[in-house]
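Reading through the structure tokens given below for one structure.
In the numbering used here, the protein residues as written are 338 to 516.
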């Protein structure tokens with residue numbers, strides 16, 4: 338079971354990192370702040386984390402004779418999600434090192450500009466800028482904080498995919514193993 342967790346978790350992590358690299362190349366190496374980048378990122382995570390389903394199914398069909406209970410299937414899915422998350426965090430850390438952490442500053446500038454466009458001014462704008470500056474400083478200088486936030490981008494998606502996969506694959510009649 339451990340081999341399957343590492344194998345499928347690695348596949349999922351590499352899919353996310355590969356898509357991230359492709360997207361960075363596509364946008365010219367600069368942080369992309371349009372609305373589609375968020376959609377693209379989470380769609381990529383869902384596609385990559387579908388490896389949870391395939392890993393649990395493989396284990397159910399080949400090692401357990403086509404039957405698995407919910408809890409073992411869910412725990413296996415969580416294991417795959419953790420491995421994928423660790424690989425995603427490592428890839429993000431490489432990106433942050435290669436770009437000298439420019440992403441967070443660009444993201445915060447974009448967010449503040451959006452709030453200004455909505456009409457935020459005066460003391461409220463000053464407060465937002467101060468909060469964003471503090472968050473940018475924490476994100477760029479505190480590696481454990483940054484790594485935790487990065488992991489929390491992908492892991493909840495993995496939990497949802499693991500729940501759905503375990504719920505479906507606990508039923509032996511759902512996509513039964515071929516003889």
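Note that the Cβ used here is the ideal one computed from N, Cα and C, for glycine as well.
It is roughly 34 Å from the alpha-carbon of residue 474 to the alpha-carbon of residue 414. In the three-state DSSP reduction, residue 402 falls in the coil class, being neither helix nor strand. In this structure, residue 380 lies away from residue 356, with their beta-carbon atoms at least 7 Å apart. Residue 467 holds the alpha-carbon nearest to the alpha-carbon of residue 445 among 467, 338, 435. Rounded to the nearest whole angstrom, the C-alpha separation of residue 443 and residue 347 is 30 Å. In terms of Cα proximity to residue 345, the closest of 375, 378, 376, 396 is 396. Classified as exposed, residue 489 has fewer than 16 neighbouring CB atoms from the shown chains inside 10 Å of its CB. Counting along the chain, the unbroken alpha helix (DSSP H) around residue 340 starts and ends at 339–363.
Residue state for residue 483 is assigned as helix, using DSSP reduced to three classes. Put simply, the backbone Cα of residue 408 is about 15 Å away from that of residue 392.
Residue 398 and residue 378 have their C-alpha atoms spaced approximately 31 Å apart. Selection 411, 507, 476, 514 evaluated against residue 439 yields 476 as nearest (Cα-Cα). Nearest to residue 420 by alpha-carbon distance, out of 400, 359, 496, 362, is 496.
Non-local beta-carbon contacts of residue 349 in its own chain, meaning distances under 6 Å to residues more than five positions away in sequence, involve 385, 386, 388, 421 in chain order. Residue nearest to residue 449 within the set 503, 465, 376, 472 is 465 (criterion: CA-CA distance).
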